[in-house]
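Heads up, the thing below is written out as structure tokens.
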Amino acid sequence: GNSVTQMEGPVTLSEEAFLTINCTYTATGYPSLFWYVQYPGEGLQLLLKATKADDKGSNKGFEATYRKETTSFHLEKGSVQVSDSAVYFCALRPYGGATNKLIFGTGTLLAVQP
Amino acid sequence: SQTIHQWPATLVQPVGSPLSLECTVEGTSNPNLYWYRQAAGRGLQLLFYSVGIGQISSEVPQNLSASRPQDRQFILSSKKLLLSDSGFYLCAWAQKGKTNEKLFFGSGTQLSVL
């Protein structure tokens with residue numbers, strides 16, 4: 154079946170540190186991959202996405218590359234800020250899905266300290 | 071612009087009591103609608119989705135039910151809550167007809183069943 158595995162948190166970093174949050178997936182065919190972010194007290198919002206192998210999604214300084222050979226979609230940022238503190242969810246949309254159903258990972262809490 | 075409203079934000083209910091969570095979407099028509107749940111230590115799990123009025127698909131067997139009495143209204147219900155129903159419930163919508171369209175989430179309801 155389809156599933157997403159994320160590294161467990163919390164991840165605690167100092168401001169301006171480099172961030173990596175690992176995400177791997179299991180799926181048939183070619184799923185689309187997403188990162189969603191949930192800031193404190195808010196709902197989830199799309200951070201970035203990639204729809205085919207070797208695509209790189211990017212937004213707000215965050216990047217993730219769709220690696221089919223390693224079935225991964227790791228989230229990276231070169232220099233985190235306190236305002237990046239949030240829960241980050243990796244998700245996949247199964248190939249051929251017509252209803253936009255997403256399968257989410259468990260989420261990773263990122264805490265950035267000044 | 072489109073907005074999604076979800077209420078209440080927090081709810082504490084005794085075991086065996088009924089439940090009704092409401093979600094409404096504004097600024098769009100004929101959306102796909104979703105209910106997700108995030109239990110402690112687990113990822114977001116899709117509970118129900120709907121592609122139209124009166125059309126409900128259940129993803130997992132459970133104690134909950136969903137209804138869509140109007141195009142932009144999605145209700146999550148239970149006749150008798152269980153302790154295991156505790157969690158964070160998120161409503162979401164997506165535009166129909168576009169592949170890889172992102173989901174727009176409400177701010178969520180934290181349900182505690184005691």
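Protein chains in written order, with our numbering: chain D, 154 to 267; chain B, 71 to 184.
We put the CB at the ideal spot given by N, CA and C, even for glycine.
Discussion item. Among the candidates B:L116, B:N100, B:P101 and B:S99, whose CA atom is the shortest distance from the CA of R107 (chain B)?
Written reply: Looking up residue 107 (chain B) in the second sequence gives position 37. Nearest of B:L116, B:N100, B:P101 and B:S99 to R107 (chain B), Cα basis: B:L116.
Worksheet entry | Endpoints, beta strand (DSSP E) assigned at I145 (chain B) | For the purposes of this step, residue 145 (chain B) is taken as the residue at position 75 of the second sequence. Q143 to S148 is the span of the beta strand (DSSP E), which, as asked, contains I145 (chain B).
Worksheet item: Under a CB-based cut-off of 8 Å, is L199 (chain D) close to chain B?
Response: Taking the first sequence and counting its residues from 1, one reaches residue 199 (chain D) at position 46. Chain B contact via Cβ: present.
Worksheet item: Starting from N212 (chain D) and walking both ways along the beta strand (DSSP E), at which residues does that stretch end?
Response: The count along the first sequence starts at 1 and reaches residue 212 (chain D) at position 59. Here the beta strand (DSSP E) through N212 (chain D) covers K209 to N212.
Practice prompt. Starting from the C-beta of L103 (chain B), find all residues in its chain whose C-beta is less than 6 Å away, skip the five residues before and the five after it, and write them out in chain order.
Written response: Counting from 1 along the second sequence, the entry for residue 103 (chain B) is found at position 33. Around L103 (chain B): S120, F144 and W163.
Worksheet item: Would the beta-carbon of L201 (chain D) fall within 8 Å of that of G210 (chain D)?
Response: Taking the first residue of the first sequence as 1, we reach residue 201 (chain D) at position 48. Taking the first residue of the first sequence as 1, we reach residue 210 (chain D) at position 57. Closer than 8 Å, so yes.
Fill in: Which of helix, strand or coil DSSP assigns to L116 (chain B)
One-based indexing of the second sequence puts residue 116 (chain B) at position 46. Strand at L116 (chain B).
Item to complete: Could you work out which residues of chain D lie near K150 (chain B), taking near to mean beta carbons separated by less than 8 Å?
Response: Working through the second sequence from its first residue, we reach residue 150 (chain B) at position 80. Neighbours of K150 (chain B) on chain D: none; closest Cβ ~28 Å, over 8 Å.
Discussion item. Based on DSSP bridge pairs, tell me the residues matched to V185 (chain B).
Written reply: Lying before the first or after the last residue shown, residue 185 (chain B) is absent from chain B, which here runs from 71 to 184.
Worksheet entry | Segment limits, beta strand (DSSP E) that includes A239 (chain D) | In the first sequence, the residue the question calls residue 239 (chain D) occupies position 86. Here the beta strand (DSSP E) through A239 (chain D) covers A239 to R246.
Worksheet item: Hey, is T259 (chain D)'s beta-carbon within less than 8 Å of any beta-carbon in chain B?
Response: Here residue 259 (chain D) is taken as the residue at index 106 of the first sequence, counted from 1. True, the Cβ-Cβ gap to chain B drops below 8 Å.
Practice prompt. Please confirm whether T158 (chain D) and T177 (chain D) have their CB atoms less than 8 Å apart.
Written response: Within the first sequence, the letter at position 5 stands for residue 158 (chain D). Within the first sequence, the letter at position 24 stands for residue 177 (chain D). Yes, they are a contact pair.
Worksheet item: DSSP beta-bridge partners for E96 (chain B)?
Response: Taking the second sequence and counting its residues from 1, the one referred to as residue 96 (chain B) is at position 26. Checking the DSSP bridge columns, you'll see E96 (chain B) partnered with B:T73.
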